[in-house]
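One structure below.
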Amino acid sequence: GTEFRLSNRFGLNLEGVHYNLYSQHFKNDKYEGLVQIRPTFNFKIANHFKIFAGPTFNLSLIAPDDIKFTAPYSIWNTETSNGRELDAWLGFTAGLRF
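Quick note on numbering: the sequence shown equals residues 3 to 100 in our numbering.
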């Protein structure tokens with residue numbers, strides 16, 4: 003990720019996160035994962051202490067028989083030609099950074 007300073011106390015962070023998901027029967031021939039894009043705004047409270055919050059854009063690609071992971075809801079869902087489910091949904095993140 004990276005941070006863009008908007009002012010002395012405000013900033014915008016842009017993060018890309020990738021998670022590999024594995025079933026209990028670890029197989030190297032399948033890609034199953036979760037990708038997140040997180041644009042968050044932060045506010046500097048004190049030196050080395052910030053609060054942040056913002057949306058997350060989520061995309062998962064899984065084989066439903068292997069992994070028991072389901073999106074909380076879906077704004078876009080399709081099945082790929084090899085039987086995997088491709089889901090997209092919006093979320094929210096917030097926290098402290100120090």
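Quick reminder that beta carbons are idealized off the backbone N, C-alpha and C, glycines included.
- DSSP lists no bridge partner for residue 74.
- By the Cβ criterion, the segment 50 to 69 is in contact with the segment 91 to 100, since at least three pairs of Cβ atoms, one from each stretch, lie closer than 8 Å.
- In this structure residue 9 is exposed. Its beta-carbon is surrounded by fewer than 16 other beta-carbon atoms within 10 angstroms.
- Spatial neighbours of residue 72 in its own chain (CB-CB distance under 6 Å, excluding positions within 5 residues in sequence) are not present.
- For residue 82, the three-state secondary structure derived from DSSP is coil.
- Residue 40 and residue 21 have their alpha carbons spaced roughly 14 Å apart.
- The three-state secondary structure of residue 15, taken from DSSP, is strand.
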